[in-house]
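Each position in the sequence shown, counted from 1, maps to that position plus 7 in the working numbering. Here a beta-carbon is modelled for each residue, glycine too, at the ideal position from N, C-alpha and C. In this text, all values refer to a predicted model and were calculated from it rather than measured experimentally. Worksheet for the structure shown next.
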Amino acid sequence: MSFTPKVTKCMACGAAIFFCRTSNSERMPVEFEPNPNGNLSITPHPDGLPEAVVVRPGQAAGMRAAGLSTYVSHFAACPMADEFRRKARHKQTVDTYRRNAANRSRARRA
8 MSFTPKVTKC
18 MACGAAIFFC
28 RTSNSERMPV
38 EFEPNPNGNL
48 SITPHPDGLP
58 EAVVVRPGQA
68 AGMRAAGLST
78 YVSHFAACPM
88 ADEFRRKARH
98 KQTVDTYRRN
108 AANRSRARRA
């Protein structure tokens, strides 16, 4: 099966990516270009957001031999990936909250 992904750009590095749904129903950024060393099988889904499944090396080799493309998660290729991981996002949110609270406190004193 083929599909046409909705292409967007990574907010950090500007690379062409598209989003897929994982088996846990979470969104995952995927490199736009197929990768001969990829470990993701991408299939269309009725709701429009393709589904990504991690495949084993032997399965990936079989897919490529059958003419099917494999892909790589953008987290593996993006130089700024750590900024988008959950722990980093949580820390940024907490830091922003503390900074805003400090600014409000200073504004009240002025």
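- Judged by DSSP secondary structure, Ala59 falls within the beta strand (DSSP E) whose first and last residues are 58–61.
- According to the DSSP assignment, Ala23 belongs to the beta strand (DSSP E) that extends over 23–28.
- Boundaries of the alpha helix (DSSP H) harbouring Pro64: 64–72, taken from the DSSP string.
- DSSP places Val37 in the uninterrupted beta strand (DSSP E) bounded by 34–38.
- In the pairwise beta carbon analysis, the segment 104–114 is classified as not touching the segment 40–53: fewer than three pairs are separated by under 8 Å.
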